Amino acid sequence: MKILFVVSEVEDLAKTGGLADVAKSLPIALKALGHDVRIVKPYYKQLADKFKLPNLTNEQQLQAGDKDYRFNIKRLELETVPVYCVDYPDYFHRAGLYSDGYEAFGDNAERFAFFSKAALHTAQAVDFQPDVVHCNDWHTALCPYFIKRDQSGFFAQTRTLLTIHNGAYQGVHRFADISFLRPHGELAAQIDSQGNLNFLKTGIQFADKINAVSPNYAKELLTPLGSHSLYHEFQQRAEDVSGILNGCDYQQWDPATDKHIPANYTGESLSGKGLCKQALQKEVGLPDKPGVPLIGMLCRLTEQKGFGYLLPVLNQLLQHNVQVLVIGTGDPVISDVLQFNAAQFPDKLVFRNDFSTRMAHLLEAGSDFFLMPSLFEPCGLNQMYSLAYGTIPIVRAVGGLRDTVLDLQTLPEQATGFIFEAPDSSALLNCVRRAMLFYHEYPEHFIQMQKRAMRQKFTWYDAALNYQALYQHCQSLGR
1 MKILFVVSEV EDLAKTGGLA DVAKSLPIAL KALGHDVRIV KPYYKQLADK
51 FKLPNLTNEQ QLQAGDKDYR FNIKRLELET VPVYCVDYPD YFHRAGLYSD
101 GYEAFGDNAE RFAFFSKAAL HTAQAVDFQP DVVHCNDWHT ALCPYFIKRD
151 QSGFFAQTRT LLTIHNGAYQ GVHRFADISF LRPHGELAAQ IDSQGNLNFL
201 KTGIQFADKI NAVSPNYAKE LLTPLGSHSL YHEFQQRAED VSGILNGCDY
251 QQWDPATDKH IPANYTGESL SGKGLCKQAL QKEVGLPDKP GVPLIGMLCR
301 LTEQKGFGYL LPVLNQLLQH NVQVLVIGTG DPVISDVLQF NAAQFPDKLV
351 FRNDFSTRMA HLLEAGSDFF LMPSLFEPCG LNQMYSLAYG TIPIVRAVGG
401 LRDTVLDLQT LPEQATGFIF EAPDSSALLN CVRRAMLFYH EYPEHFIQMQ
451 KRAMRQKFTW YDAALNYQAL YQHCQSLGR
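Heads up, the sequence shown is in the UniProt record's numbering, so the first residue is 1 and it goes up one at a time.
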């Protein structure tokens, strides 16, 4: 099949989160299955500065109302997968991808409405007629609409798939402010009573198929509580909604070969993990205390990650014989509370308001537990990394966390972690206490759980096979 993968960010090229990991690994896995996959993404400033790519074609032109958009197309290779970059400096030659740090760019709607149309125009310019256009999140959710309304005939046999990586981000903007879309009067039916156009909602309506990045998250999207206020829209398309679990890049996340950690180890020999713990403690300033569990947490500082019910019981948690390391950036209010508690318990809690790849790997290797108490989690990757490193996940039973972690209480012989259900402080604290009790009272069983966790595999090959089947289903529609 010919697959056009339209996305706003790609690992190794431009990244802010897990979307970029998928946008690299999935196309590569699909290419390995024999498909002709091409990626289209914006030509951000960081790409332009790094690669200084020549133009692939003559200058391209898009007409939107009375405005004439002129842009160029760049091309590079990502492990044999062609990547076409839409070069429009006014929109994409900025310091950030979506924001200037903490505030989103005011013209994001205009930028990504243009990009969605320009991505399809790029396929025509390079004469790549896709069987499936695979769109990702709100930034590219207008592609299905543009394809349905295309008058050129180029996309007559093209079907569309919209993948929802995080339904909380929907791209809600005042329609009157999006000059690029003014000629598209038929979008008036999508405008709400406040005059806003919801990009993700529009994509849900016009895409041929919709999928989420884990089976459980797909189920949650079909519920009033888990739909991010799009329950009606998802229910209307319920037969077309499915879930495919993301894979894990085990080339980057393998403790046996990881170059970011001081000692490599395997499930057969865990001695290197203890050395990693000592190195981690030394680096962040925690005392080396044998027999004291170290709980790591690495994430964006947002309500989504469960801080709303973690912070109220953090003081109670730190009364125990435990060490906690939190690394991440984001909400300054959350940051302030973590810094305050770290000052109160300097030998038990360390907070690092930053991020680096090396520290992410060292935290995974050196921690005994990885805490991921998310309010919602479409798929999650850190729990997969944790399993691979024998770092036992403590998670809430949502989204992909439920799909990847097996709880000791319900499946004692297969357990790979600890799970709690309710999004509240007491449930979280009880679950952490249950994990620490197991660590202290059953050390041999804890080691067996670590080894069992390290045998778990969530591969991009399996994910690509599932996407292949979904693409084939898309192709069969309307034929």
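Note that the Cβ used here is the ideal one computed from N, Cα and C, for glycine as well. Being a predicted model, the structure only gives us computed values, none of them experimental.
If you run the structure through DSSP and keep just helix, strand and coil, what is His35? Shown here, His35 sits in coil according to DSSP, grouped into three states, outside any helix or strand.
With respect to the alpha helix (DSSP H) encompassing Lys67, which residues constitute its N-terminal and C-terminal limits? Premise fails: Lys67 lies in the beta strand (DSSP E), Lys67 to Leu78, not in any alpha helix (DSSP H).
Closest residue to Met1 among His35, Lys201 and Leu310 (Cα-Cα distance): His35
Please find out if some non-hydrogen atom of the ligand SAM comes closer than 7 Å to the beta-carbon of Lys282. The ligand SAM is not among the ligands present in this structure, which contains no ligands whatsoever.
For His134, the residue or residues it bridges with in DSSP: Phe5 and Leu161
Could you check if residue 488 is buried or exposed, using at least 16 other CB atoms within 10 Å of its CB as the buried criterion? Residue 488 lies beyond the range of the chain shown here (1 to 479); nothing can be said about it.
Short of 7 Å in beta carbon distance, which residues of its chain neighbour Leu408, apart from the five on each side in sequence? Order them along the chain. Ala415, Phe418 and Phe438
Would you decide whether Glu79 is buried or exposed? Buried here means 16 or more other CB atoms lie within 10 Å of its CB. The residue is exposed, with fewer than 16 neighbouring Cβ atoms inside 10 Å.
Taking only runs that begin and end inside the region 167-236, name each unbroken beta strand (DSSP E) of 3 or more residues, in chain order. 172-174, 196-198 and 209-212
Using alpha carbons as the reference points, say which of Gln323, Ile261 and Ile392 lies closest to Ala360. Ile261
Simplified DSSP state of Pro42, which is helix, strand or coil: strand
Where does Arg479 land, buried or exposed, given buried means 16+ other C-beta within 10 angstroms? The predicted position of Arg479 is uncertain, since its pLDDT is 43 and thus under 50; a value taken from the coordinates is nonetheless stated next. With fewer than 16 neighbouring CB atoms inside 10 Å of its own CB, Arg479 falls in the exposed class.
Quick check on the DSSP output: the alpha helix (DSSP H) that includes Gly399 runs from which residue to which? Where Gly399 is concerned, the enclosing alpha helix (DSSP H) starts and stops at Gly399 to Thr404.
Quick check on the DSSP output: the beta strand (DSSP E) that includes Gln319 runs from which residue to which? Per DSSP, Gln319 belongs to no beta strand (DSSP E) and is neither H nor E.
In three-state DSSP terms, what is residue 491? One cannot answer for residue 491 here, as it falls past the ends of the chain, which runs 1 to 479.
Smallest Cα separation from Pro82: which of Gly17, Ile3 and His232? The shortest Cα separation from Pro82 among Gly17, Ile3 and His232 belongs to Ile3.
Rounded straight-line distance, which links the Cα of Leu280 to that of Val350: 11 Å
Ordered along the chain, which non-local residues of its own chain (more than five positions away) have a Cβ less than 6 Å from that of Leu311? Val337
What is the DSSP secondary structure of Tyr439, counted as helix, strand or coil? helix
Which listed residue (Tyr98, Ile164 and Gln124) has its alpha carbon closest to that of Lys209: Minimum Cα-Cα distance from Lys209 among the listed residues Tyr98, Ile164 and Gln124 corresponds to Ile164.
Spatial distance of Asp137 from Asn216 (CA atoms): 18 Å
Which residue's Cα is closest to the Cα of Val7: Leu13, Ile39 and Ser25? Ile39
7 Å CB neighbourhood of Ala263 in its chain, flanking five on each side removed: Gly272, Leu275 and Cys276
On a CA-only basis, which of Ala207, Ser25, Phe114 and Ser229 is nearest Thr158? Give me that one, please. Ala207
Exposed or buried, what is His232 when buried is set at 16 or more other beta-carbons lying within 10 Å of its beta-carbon? exposed
Nearest by alpha-carbon distance to Asn58: which of Arg94, Leu225 and Lys74 is it? Lys74
Segments of 4+ residues assigned as alpha helix (DSSP H) that fall wholly inside the UniProt domain "Glycosyl transferase family 1" (291-447): 307-310, 314-317, 332-344, 357-366, 382-388, 399-404 and 425-441
Residues of its chain near Trp460, where Cβ-Cβ distance is below 6 Å and the 5 sequence neighbours each way are ignored: These residues qualify, in order along the chain: Ser25, Ala29 and Gly247.
Per-residue DSSP class, three states only, for Val284: helix
According to DSSP, is Cys248 part of a helix, a strand, or is it coil? coil
Rank Ala397, Arg402 and Gln205 by C-alpha distance to the C-alpha of Pro144 and give the top, closest one. Gln205
What separation, rounded to the nearest whole angstrom, lies between the Cα atoms of Leu125 and Ala212? Note that residue 125 is Ala in the sequence shown here, rather than Leu. Distance between the alpha carbons of Ala125 and Ala212 is about 30 Å.
Report the three-state DSSP secondary structure of Glu11 (helix, strand or coil). coil
Using C-beta distances below 6 Å, list every residue in its chain close to Pro27, excluding the 5 sequence neighbours before and after it, in chain order. Phe5, Val37, Ile39 and Val81
How would you write the range of the beta strand (DSSP E) that Ser242 sits in, first residue to last? Val241 to Gly243
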